[in-house]
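Participant: After the structure tokens below, expect a handful of questions from me.
Protein chains in written order, with the working numbering: chain A, 1 to 81; chain B, 82 to 836; chain C, 837 to 994.
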């Protein structure tokens, strides 16, 4: 099971849950799982936050694979200057 | 995946392909372009920091001879609230449109309220003088404390603080709050043997690019616009202009000029939509260039901040807890760099318990824009200064203190994910070993150390490679070249294709000629666009193998690519002579057509960057002047494609950071008007202020880039602020918390300490 | 407003132009003569991006009126290379990577040439103080100083 972590501002949409396990093999599947569990959260994620899968930060993830021992962190999008 | 290998050209220091035009004055920057029939535009700006715009009368100006168009906010379409899909502090399209031209309120001194297009700058200036604006002046809110006070004047009465569990009952100047936590800070502080605390302030500063914003825009009667402008991201100029003007993206072509500095300040737009609209109204091309005064008053400086930090540690230096209260000024619209500031502040360290609270706050100053590692210099200035105090209190060497708590691969970052391969400890070790660390100090001299960090970005890049008939190579990419990136792209393409560097040319193409590419910024170009160039080169190689195999009448698996040639595999007909890129290009019409390689990607896995800086200063206790006698910048670059340009980033960022620490600040009067909007009094470092900047490049390969590249452009500005402040503390025995450490402030602090 | 007719010499070439009384030499070079190598960074004489020489003297062209060019010899960045050969100063700046964005580079070419014409063997301190009027925000000045030192050595034939 992949472990998924939410930053504080997203916990407002996960009933305070800060981390959970998800049996998924791609980010697309993870989005579906999260939206089913916390309706409305998808619109807070897509285009709004970035994701780190096993330490690699990705803007606009979707097809990216998630392994059974992956760690997935949502974080603020950082573009830089 | 990156492969350890001996590089042929990567890592050497050839002359950049665009260099000759830059030393001869041929290179064309934003204001160097002209079109026949072109008119000159100028912008009328609010003389008040905060005012309601009651009326604007442009009739007299519009009728003046030589004036061809006048626009105000009313001429722009209404733009709905829509978050800009960008990075931190990107904000909202409606705010962007309102910043470009005020609607009902002027929100800072210099806010654009109208614009004219005329036959000459002199006539345009006369036209501006003929525009009558009636204002109702309101109380300006000019700093964090004033903005956050209970009885503060509200800048936007429709703004309710975001990020709270429930929408507040009353509007506020606090646009957003953010919290990050781990463990239990109270327990963590209770476990500490020593607790230190400090409040640190940094002023509003500007990126200070020498080239003012400039564009030439023209739109035809069919609604198709062409914009020539200096920018870090011409695709963003296109999309933002399309949003602001309600146009199709495909109806705007943006051609990037050479850019005279950006550092984040040119990742947004100011004059381009104004110029397009003036062109529409006048039927003529429009040139719109900011004066230096306008750049200071009306582009996007970096947030002034207040950071309150607390650190608890055991006697042996192990950190048990850290906490931070961060207030960042966003300027007239929401969206400062508070979030990355919060994410970076403790990033170099393993902190079992922490609590960070950040606030994004409106003030009547220009809307802030990105400035090199946006948010990190300010927050890390506070933490790195306080760590220096902790080191003194514990009597532990400041590098050893950091080493004891340093993150490495596998550690969990304060902002969440585990680090992959990083080089922080290697930088610390290099600093400890560096001769500058133990150099003898004379009277009045001091040395300070600090660490720096930045995430570095990936994001989208496209690249195309054309093999010309003579086997020379043209690389087409979409990143304006600020720091020598064309040289790095050429090196990577030459390396991959096995051709001499001199036979590769790199073109920065416009929005209709290059594939979509994100900004030049975020330390991403060598990483992400470099990756695209390498993949496009590999695409060419695959095609070459196919073409050669077809030429020889063998299967594609029977051939190999080696040293820039296709050769038959061992065992296949040994009489077949290797085919070079030039051979295959020459035969390409017969084997399938032109040789075109392409790649487009959304790069992931940008490697985090760390640095350690050392400042050596001398403080004159009679004048308060701080002289920088030496500076050492040590940074992990992953793999330095062109070491001279990596060193250039380290040195340039160091000097910007030193300017921020020692003398740069926006000075305001009581009415909210900037008093030092010029290079004389907004005093950036000049050649006589600085010593040679010693650099040491550490290379801990980033596994996600084929050559191990890690972004380098932004990290360099982060550590110098605290390195300088810690050096001043070392030299004088006095800790000064508020930047800049300019002579009057240093003198005041020294006098206060003496009494 | 009637324009002023000016006869001058630019980079050794006899040149005439019309300008308004208030136009600076910088504006004239860029807008009237389309010699855009000289850059505007501030228009108040504080950044040196507009550096030119007037009768051999290094000045900020934003602080000189176009009309003042009458009868004088103006030197701009466009006149530094020798036909199709780069000047040693230009060559050394390229070799030392002493430029990044390049906006300050034309001014530095002119200022460096003026320095080395006057003082062929400057110390590091002399170089830094002479070039203090040329702001660079990208390089931190280190490689610029090294390039100037190397150019000076080359020009001395040392």
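Glycine is no exception: its CB is placed at the ideal position from the N, C-alpha and C atoms. Note that the coordinates shown come from a computational prediction; the quantities given were computed from them, not determined experimentally.
#1: Less than 7 Å between the beta carbons of residue 234 of chain B and residue 222 of chain B, yes or no?
#2: If we count the other Cβ atoms within 10 Å of its Cβ and call it buried at 16 or more, is residue 397 of chain B buried or exposed?
#3: Return the chain-ordered list of same chain residues with a C-beta closer than 6 Å to the C-beta of residue 553 of chain B, the five sequence neighbours on each side being excluded.
#4: Excluding the 5 residues flanking residue 371 of chain B on each side, which residues of the same chain have their C-beta closer than 6 Å to its C-beta?
#5: Restricting to Cα atoms, I'd like to know which of B:598, B:359, B:597, B:547 is closest to residue 575 of chain B.
#6: Do the CB positions of residue 429 of chain B and residue 73 of chain A come within less than 7 Å of each other?
#7: Starting from residue 836 of chain B, follow the alpha helix (DSSP H) in both directions and report where the run begins and ends.
#8: Between B:608, B:290, B:680, B:184, which has its C-alpha nearest residue 785 of chain B's C-alpha?
#9: Using alpha carbons as the reference points, say which of B:561, B:611, B:425 lies closest to residue 590 of chain B.
#10: Do we get a CB-CB distance below 7 Å when we pair residue 986 of chain C with the residues of chain B?
#11: Just to make sure I have the definition right: I need the residues of chain B whose C-beta is within less than 8 Å of the C-beta of residue 47 of chain A. Which are they?
#12: What residue from C:915, C:890, C:898 has the CA that sits closest to residue 906 of chain C's CA?
#13: Compare the Cα-Cα distances from residue 298 of chain B to each of B:525, B:333, B:742 and report the closest residue.
#14: Can you confirm whether residue 914 of chain C, when its beta carbon is compared against all beta carbons of chain B, has any partner nearer than 7 Å?
#15: Taking only three categories from DSSP, how would you classify residue 887 of chain C?
#16: Rounded to whole angstroms, what's the CA-CA distance from residue 672 of chain B to residue 513 of chain B? Just pull it up for me.
#17: Under 9 Å between beta-carbons, which chain A residues line up against residue 501 of chain B? List them in chain order, please.
#18: Which value, in whole angstroms, describes the spacing of the CA atoms of residue 355 of chain B and residue 511 of chain B?
#19: Tell me which same chain residues have a C-beta within less than 8 Å of the C-beta of residue 245 of chain B, skipping the five on either side of it?
#20: Okay, do the region 169-188 of chain B and the region 197-212 of chain B touch, 3+ Cβ pairs below 8 Å being the bar?
#21: Report yes if the C-beta distance between residue 342 of chain B and residue 290 of chain B is below 7 Å; otherwise report no.
#22: Just confirm the distance between the C-beta atoms of residue 415 of chain B and residue 172 of chain B, as a whole number of angstroms; I'd bet it's less than 8 Å.
#23: Taking Cβ positions only, does residue 929 of chain C come closer than 7 Å to chain B?
#24: Return the residue from the list B:394, B:659, B:91, B:768 that minimises the CA-CA distance to residue 976 of chain C.
#25: Using 7 Å as the threshold, is the C-beta distance between residue 411 of chain B and residue 348 of chain B below it?
#26: State yes or no: is the C-beta of residue 149 of chain B nearer than 6 Å to some heavy atom of the ligand FAD?
#27: Exposed or buried, residue 445 of chain B, counting other C-beta atoms within 10 Å across all chains shown (16 or more means buried)?
#28: Figure out for me which residue from B:145, B:759, B:808, B:804 has the closest Cα to the Cα of residue 286 of chain B.
#29: Between which two residues does the alpha helix (DSSP H) carrying residue 225 of chain B extend?
#30: Start and end of the beta strand (DSSP E) containing residue 550 of chain B?
#31: Can you check DSSP and say which residues form a bridge with residue 436 of chain B?
#32: Is it a yes or a no for the region 323-330 of chain B touching the region 374-388 of chain B, going by three-plus beta-carbon pairs under 8 Å?
#33: Output needed in chain order: residues of the region 875-897 of chain C with a Cβ under 8 Å from some Cβ in chain B.
#34: Under 8 Å: do the region 511-531 of chain B and the region 688-703 of chain B share three or more Cβ pairs, one atom per stretch?
#35: Hey, would you say residue 902 of chain C sits closer than 7 Å to residue 859 of chain C, going by beta carbons?
#36: So, at 6 Å on beta carbons, what are the nonlocal neighbours of residue 143 of chain B in its own chain, with the 5 sequence-adjacent residues on each side left out?
Facilitator: The relevant details are as follows:
#1: yes
#2: exposed
#3: 584
#4: 293, 294
#5: B:547
#6: no
#7: No alpha helix (DSSP H) holds residue 836 of chain B; DSSP gives it neither H nor E.
#8: B:608
#9: B:561
#10: no
#11: 164, 166
#12: C:890
#13: B:333
#14: yes
#15: strand
#16: 59 Å
#17: 54, 55, 56
#18: 51 Å
#19: 258
#20: no
#21: yes
#22: 6 Å
#23: yes
#24: B:768
#25: no
#26: As presented, the structure is devoid of all ligands, the ligand FAD included, so that no description of it is given.
#27: buried
#28: B:759
#29: 225-229
#30: No beta strand (DSSP E) holds residue 550 of chain B; DSSP gives it neither H nor E.
#31: B:262, B:404
#32: no
#33: 875, 876, 877, 878, 879, 880, 882, 883, 885
#34: yes
#35: yes
#36: 151
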